[in-house]
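A.B. asks: Below you will find the structure I want to go over with you.
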Amino acid sequence: MIRVKFLRLAKRFGQTPHNVVVAQVLYRLGLAEQLRGRNGGRVGAFSFDRASAMAEQLESAGQEPLDFSCTIMVLGKTGVGKSSTINSIFDEVKFNTDAFHMGTKKVQDVVGTVQGIKVRVIDTPGLLPSWTDQQHNEKILHSVKRFIRKTPPDIVLYLDRLDMQSRDFSDMPLLRTITDVFGPTIWFNAIVVLTHAASAPPDGPNGTPSSYDMFVTQRSHVVQQAIRQAAGDMRLMNPVSLVENHSACRTNTAGQRVLPNDQVWKPHLLLLSFASKILAEANALLKLQDNPREKPYTARARAPPLPFLLSSLLQSRPQLKLPEEQFSDDDSLNDDLDEPSDSGDETDPDDLPPFKPLTKAQIKNLSRAQKKAYLDEVEYREKLFMKKQLKYEKKQRKMMKEMAESAKDLPNEYGENVEEESEGAASVPVPMPDMSLPASFDSDTPTHRYRYLDSSNQWLVRPVLETHGWDHDVGYEGLNVERLFVLKDKIPVSFSGQVTKDKKDANVQMEMASSVKHGEGKATSLGFDMQTVGKDLAYTLRSETKFLNFRRNKATAGLSFTLLGDALSAGVKVEDKLIANKRFKLVIAGGAMTGRDDVAYGGSLEAQLRDKNYPLGRSLSTLGLSVMDWHGDLAVGCNLQSQIPIGRYTNLVARANLNNRGAGQISIRLNSSEQLQIALIGLIPLLQKVVGYSQQLQYGQ
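Each step along the sequence shown adds one to the number in the working numbering, with nothing skipped, and position 43 is 47.
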C-alpha cells in the first residue's frame, strides 16, 4: 500500500513510473521488501502491475482521500530565496519578499495543500557564512531546534544559489555550525536546492560559453563536497534539485516554470521531498531501522575504519633497543643478513700490489681490452675495500658493546667516571644532515635557517618541512619531538610526537613504545599511539611478543585495541619471519580486526631476494601480496619491485602493482652514474608529444 500511495503521488504531479525519481523509489521499496524476506519476515506477493493499476483506479475515481502529509524545513544563507521558494511551492504569496530588505526574522511555518496533499513548510531566518557570524547563527539554529522539537520535519531543504561561484569552501563555517547544533544526521535526510537556476552559465577558460549541464554539475559537486566534509562522512551524496522563482522564467503550456534543461522543477522538488517520507515509512514498517521520528537528528555512531586499523596492525615493527644496542644486533638472524658474504675471498686490500688510478684522458687512450681489464681491477679493489670497511664497523660496534657491559661491572666510583666521560663525549654538538628542501624553495631565504645540531640535550626537536611546496612564510609545517629513555638500565622507552598545521586542519601524531627481554631470543613490546583520523583522534594500545622458535625463524603474536570516537575496536595478528639464507627472506602475517559487531580479515606476504654480496651487490627483488576481506568484499593486491644492475654503474628499477579489480601500474626507471647522455632518453616522450601536437595543428588548419 505504500507503493500504491507513492504511485498516486507521482500521478498527481503528472509523472509516470519511468521518471527517474519514481523508478529509484520503487526500486528501493523492492529491495527493502526482499531484505525483510531474507531476514525471515513475511513478503506479500503484491506485484508492481497490480499496485499501478490500483493507484490508477483510485486516482480516477477521486473518492478515497490520499492519506499523506509532509513537513519540510528550509535552511540556507540569507538572500538565497527561501521565502520565494515557499511561495512558489504553494503558488501564492505566503511571505512577502523584498530585494532591499532582510527576509524572515523568526522561525515560522505555513500549512497549505499542493495537488490535494497537505504540506507544512518551516521557514527559518537567513544564516551568514563568515567565521565572525557563527555565534549569531548558533542562536538562530537553537531557536529552530526548539521549534521543531515536538513536530520534527520529514525532509530538510538546504538552499544555495546556483549562480554564486565558490570553490574555496567559504561556506564551511556555516555548514559545520549546522552540523554541531543538529548533529551529522541532519544531512542524511537533506536535499540541496540551488536557486536562480535559470542563470546563464559563465564563460569557460577560453572565453567560450560552457554548457548548462556542466555548470550545474560543477556547482552541485562543490556544495555536496562541502557538506560531506562538514558531516565527516565522505559517503554522503545529497540529491540536488534546481529552483527558479523569477517571474520572467520560461513556462510551459500548463503554466509551470521550466528550466533551461527543459525540466519542470516544482514536481521534481516535491517528489524528492515526498520520496524521503515514503522510504522512511517503509523502513519503519519493515523494522529495518529505528523510526527517525522518535529521535530526530541524533548523532549516528560512526563505524570504525576496520581495514585501515588492520593494515596498521599487520605492519612489521622493529624491536626497541637500548642506546648501546642501537647499532649492534645480537640476533643471529639479522647478523646473517647484515654482513655481506665473503664469497671465499679473504684477500686484504693492503696486501694487493700498488695501483695507480688513471685520468679520463689516459683511459680514453686505452684499447677496449685494456679498458675492460682496468675497470675490472678498479671494481674488484672497491668491493674489497667496502667489505673491509663493513667488517671494521661491525667489529667496532661489538667492541663498544663489550666496553659498555664491562663498565657496568666496575665499582660505582669507576662506573660513575665512565658514565661522566661518555656523557662528556656525547655533549659535543654534532651538525645533522641538511633536510631536503622542496624545488620551490625561495633562494632569498638562507639555508641555515633550516639547519640544526644534535646536541647533548636528550630531546631531539626538528622542524617538519613540506616537501612539495611552502605553505607558510617560515617554511615550517609542524614540529617533531623525539627522545629515548632508559628505565633501570635495561628497559628502553621511546617517545615521538609530531604536530602539523595547515591553513584549515591540524594533525597530531604521538607514539610511546617500550620493550622488555625475557629469555633467550624472546621479547615483548608495548606501545601507545595517538593520531588524527578524519576529524577524530584515534587512541591505540598494542602489544607484541617475538620469540625464536627455530634458528632461522622468528614468530610474533600481537594484540591491538583502538578507541575512535565512541567505537572500540580490537585486533589480533600472527606473524612469521623465515630467513632461509643470506639471500632470501619471507615474512607472512595474518590477523583480524573487530568492532561494532563487524569483522575485517586480512593477511600479507613479503618475499625478498637479494644479491649474495648485498649491499655491495646491487640486485634486489621484493614481492608483496596483501588480502583484505570486509563485508564480503575481497581486495587482493600485488606489488613487485626489482632492481637489476646493467653494466658497471647502471641500474634498472622496475615496479608493478595490480589488484583484483583490474587496476594497476607499471613503472620502469633507468639510472646511471656513468653516462650523462642516458638522461636524453627522457626527451623521447616529450618529443612524441610535441610532434603529435604539431600534427593536430596541421590537421586543424
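Positions of the beta carbon are idealized from the N, C-alpha and C atoms, including for glycine.
CA-CA distance, L552 and E524?
C.D. replies: 8 angstroms
A.B. asks: What did DSSP end up calling T1 once you bin it into helix, strand or coil?
C.D. replies: No answer is possible for residue 1: the residues shown for the chain start at 5 and end at 705.
A.B. asks: Secondary structure at N249, three-state DSSP: helix, strand or coil?
C.D. replies: coil
A.B. asks: So the beta strand (DSSP E) Q645 belongs to, where does it begin and stop?
C.D. replies: D637 to I650
A.B. asks: Hey, could you find the ends of the beta strand (DSSP E) F565 is sitting in?
C.D. replies: If you look at F565, you'll find it in the beta strand (DSSP E) that goes N557 to L568.
A.B. asks: Report the three-state DSSP secondary structure of L483 (helix, strand or coil).
C.D. replies: strand
A.B. asks: For T183, which of helix, strand or coil comes out of DSSP?
C.D. replies: helix
A.B. asks: What residues in its chain sit with their C-beta under 8 angstroms from that of S676, if we drop five residues either side in the sequence?
C.D. replies: Contacts found: G651, Y653, T654, N655 and I682.
A.B. asks: For P129, which three-state DSSP category applies?
C.D. replies: In this structure, DSSP gives P129 a state outside helix and strand, which the three-state scheme calls coil.
A.B. asks: Starting from M238 and walking both ways along the beta strand (DSSP E), at which residues does that stretch end?
C.D. replies: Neither: M238 is in no beta strand (DSSP E) and is coded neither H nor E.
A.B. asks: Across which residues does DSSP place R124 in a beta bridge pair?
C.D. replies: T75 and V115
A.B. asks: To which residues of the same chain is F278 closer than 7 angstroms at the C-beta, ignoring the five residues directly before and after it?
C.D. replies: Cβ within range, chain order: L13 and C74.
A.B. asks: Could you give the DSSP three-state label for R16: helix, strand or coil?
C.D. replies: R16 falls in the helix class under three-state DSSP.
A.B. asks: For L131 versus T82, is the C-beta spacing smaller than 8 angstroms?
C.D. replies: Result yes, Cβ atoms of L131 and T82 sit closer than 8 angstroms.
A.B. asks: Look up A204 in the DSSP assignment and say whether it is helix, strand or coil.
C.D. replies: In the three-state scheme derived from DSSP, where H, G and I count as helix and E and B as strand, A204 is classed as coil.
A.B. asks: At which residues does the beta strand (DSSP E) containing E610 begin and terminate?
C.D. replies: D602 to R614
A.B. asks: With distances taken from CA atoms, which of S245, M218, L62 and K325 is nearest L491?
C.D. replies: K325
A.B. asks: In the structure shown, what three-state DSSP assignment does G575 receive?
C.D. replies: Strand.
A.B. asks: Using the three-state DSSP reduction, which class does D137 fall into: helix, strand or coil?
C.D. replies: helix
A.B. asks: Output yes or no for whether 8 angstroms exceeds the beta carbon distance between K270 and I93.
C.D. replies: yes
A.B. asks: Does the count of Cβ pairs from the region 127-141 and the region 250-263 closer than 8 angstroms reach three?
C.D. replies: no
A.B. asks: So the beta strand (DSSP E) A706 belongs to, where does it begin and stop?
C.D. replies: For residue 706 there is no data in the structure shown, the boundaries of the chain being 5 and 705.
A.B. asks: Quick check: R16 and L283, are their CB atoms within less than 8 angstroms of each other?
C.D. replies: no
A.B. asks: DSSP state of G696, grouped into three classes?
C.D. replies: DSSP, read as helix, strand or coil, puts G696 in helix.
A.B. asks: Quick check on DSSP: helix, strand or coil for P358?
C.D. replies: coil
A.B. asks: What does S277 pair with, by DSSP beta-bridge criteria?
C.D. replies: According to DSSP, which records beta bridges pairwise, S277 is partnered with nothing at all.
A.B. asks: Could you round the C-beta distance between I121 and L62 to whole angstroms and report it? I think they count as a contact, below 8 angstroms.
C.D. replies: No, I121 and L62 are not in contact; Cβ-Cβ is about 14 angstroms, not under 8 angstroms.
A.B. asks: Nearest CA to the CA of A639: which residue from Q645, I648, F99 and L629?
C.D. replies: L629
A.B. asks: Would you call V115 buried or exposed, if buried means 16 or more other Cβ atoms sit within 10 Å of its Cβ?
C.D. replies: exposed
A.B. asks: Between T117 and V125, is the Cβ-Cβ spacing less than 8 angstroms?
C.D. replies: no
A.B. asks: Is there at least one Cβ from chain D nearer than 8 angstroms to N643's Cβ?
C.D. replies: In summary, chain D is missing from the structure at hand, where a single protein chain is found.
A.B. asks: How would you label G696, buried or exposed, when you count the other beta carbons within 10 angstroms and need 16 or more for buried?
C.D. replies: exposed
A.B. asks: Are there 16 or more other CB atoms within 10 angstroms of the CB of W191, so buried, or fewer, so exposed?
C.D. replies: buried
A.B. asks: Grouping DSSP H, G and I as helix and E and B as strand, with all else coil, what is G80?
C.D. replies: strand
A.B. asks: DSSP has V631 in a bridge; who is on the other side?
C.D. replies: The bridge partners DSSP lists for V631 are G607 and V640.
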